[in-house]
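Reviewing the structure listed below.
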Amino acid sequence: LDSEDDSVQRCITSAMPKHR
Amino acid sequence: PDSPLSRWTKSLHSLLGDQDGAHLFRIFLEREKCVDTLDFWFACNGFRQMDRQETKTLRVAKAIYKRYIENNSIVAKQLKPATKTYIRDSVKKQQIDSAMFDQAQTEIQTTMEENAYQMFLTSEVYLDYV
Numbered sequence: 013l014d015s016e017d018d019s020v021q022r023c024i025t026s027a028m029p030k031h032r
Numbered sequence: 286p287d288s289p290l291s292r293w294t295k296s297l298h299s300l301l302g303d304q305d306g307a308h309l310f311r312i313f314l315e316r317e318k319c320v321d322t323l324d325f326w327f328a329c330n331g332f333r334q335m336d337r338q339e340t341k342t343l344r345v346a347k348a349i350y351k352r353y354i355e356n357n358s359i360v361a362k363q364l365k366p367a368t369k370t371y372i373r374d375s376v377k378k379q380q381i382d383s384a385m386f387d388q389a390q391t392e393i394q395t396t397m398e399e400n401a402y403q404m405f406l407t408s409e410v411y412l413d414y415v
């Protein structure tokens with residue numbers, strides 16, 4: 013099970029713009 | 286005319302939709318010690334896109350609440366008390382909704398648009414890049 017920080021970080025990363 | 290740079294000055298939204306723009310804005314906010322506002326903004330987007338069926342949405346909602354709202358962080362300081370109460374109650378009652386952070390995100394976005402974004406467009410980080 014990952015930590016709370018990890019799950020927030022993954023949430024942030026999933027919403028970041030990807031390479032053009 | 287439609288270079289990334291000209292798009293960045295159009296709106297905060299167009300800046301954050303561009304990979305380099307978002308990266309540069311992040312560097313700027315790190316220096317200004319308010320990068321949490323940007324991370325929260327992206328976390329809200331990520332949360333909205335999560336699959337409702339997944340059991341982990343409650344965990345993630347709780348984690349976002351704890352990290353940015355429960356403590357007196359810069360995000361919490363920029364939110365209206367009613368907005369914080371609404372999110373706290375939603376987490377407590379486990380009433381998880383994909384739109385539960387929408388109001389908070391709007392408030393943070395408005396503050397960013399009026400302050401950090403304007404400062405960014407005249408900052409050294411931005412001007413050096415230009």
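Quick mapping for you: the protein sequence lines, in order, are chains A and B.
Heads up, the first sequence is in our numbering, so the first residue is 13 and it goes up one at a time.
Heads up, the second sequence is in our numbering, so the first residue is 286 and it goes up one at a time.
Where a beta carbon is used, it is the ideal one built from N, C-alpha and C, also for glycine.
Keep in mind it's a predicted model, so treat the numbers as computed, not measured.
Quick one: what's got a C-beta closer than 7 Å to residue i's C-beta in the same chain, skipping five residues either side?
i: residue 345 of chain B; result: 332, 335
i: residue 320 of chain B; result: 311, 314
i: residue 289 of chain B; result: 303, 305, 306
Report the three-state DSSP secondary structure of residue i (helix, strand or coil).
i: residue 28 of chain A; result: coil
i: residue 385 of chain B; result: coil
i: residue 339 of chain B; result: coil
i: residue 288 of chain B; result: coil
i: residue 294 of chain B; result: coil
i: residue 19 of chain A; result: helix
Looking only at its own chain, which residues have a Cβ that is under 8 Å from the Cβ of residue i, when we skip the five neighbours before and after it?
i: residue 394 of chain B; result: 297, 326
i: residue 322 of chain B; result: 314, 359, 360, 363, 393, 396, 397, 401
Please go through the same chain and pick out, in chain order, the residues whose beta-carbon is closer than 6 Å to the beta-carbon of residue i, but skip the five residues on each side of it.
i: residue 408 of chain B; result: 313
i: residue 405 of chain B; result: 310, 313, 411
i: residue 381 of chain B; result: 342, 343, 346
i: residue 328 of chain B; result: 349
Should residue i be flagged as near chain A, meaning a C-beta pair shorter than 8 Å?
i: residue 332 of chain B; result: yes
i: residue 307 of chain B; result: yes
i: residue 327 of chain B; result: yes
i: residue 390 of chain B; result: no
i: residue 361 of chain B; result: no
i: residue 336 of chain B; result: no
i: residue 321 of chain B; result: no
i: residue 344 of chain B; result: yes
i: residue 373 of chain B; result: no
How would you write the range of the alpha helix (DSSP H) that residue i sits in, first residue to last?
i: residue 309 of chain B; result: 304-316
i: residue 412 of chain B; result: 409-414
i: residue 324 of chain B; result: 320-334
i: residue 372 of chain B; result: 366-377
i: residue 406 of chain B; result: Taken as a continuous stretch (DSSP letters only), residue 406 of chain B belongs to no alpha helix (DSSP H), as it is neither H nor E.
i: residue 354 of chain B; result: That residue, residue 354 of chain B, is in no alpha helix (DSSP H); it is neither H nor E in DSSP.
i: residue 380 of chain B; result: That residue, residue 380 of chain B, is in no alpha helix (DSSP H); it is neither H nor E in DSSP.
Would you say the beta carbon of residue i comes nearer than 7 Å to a heavy atom of the ligand HEM?
i: residue 332 of chain B; result: The model depicted lacks the ligand HEM and carries no ligand whatsoever.
(request) Report yes or no: do the segment 298-310 of chain B and the segment 351-360 of chain B share at least 3 C-beta pairs separated by less than 8 Å? (result) Not touching, per the Cβ criterion.
(message) Taking contact to mean 3 or more Cβ pairs, one atom from each stretch, closer than 8 Å, check whether the segment 358-368 of chain B and the segment 380-397 of chain B are in contact.
(response) Judged by Cβ distances under 8 Å, the segment 358-368 of chain B makes contact with the segment 380-397 of chain B, as three or more pairs qualify.
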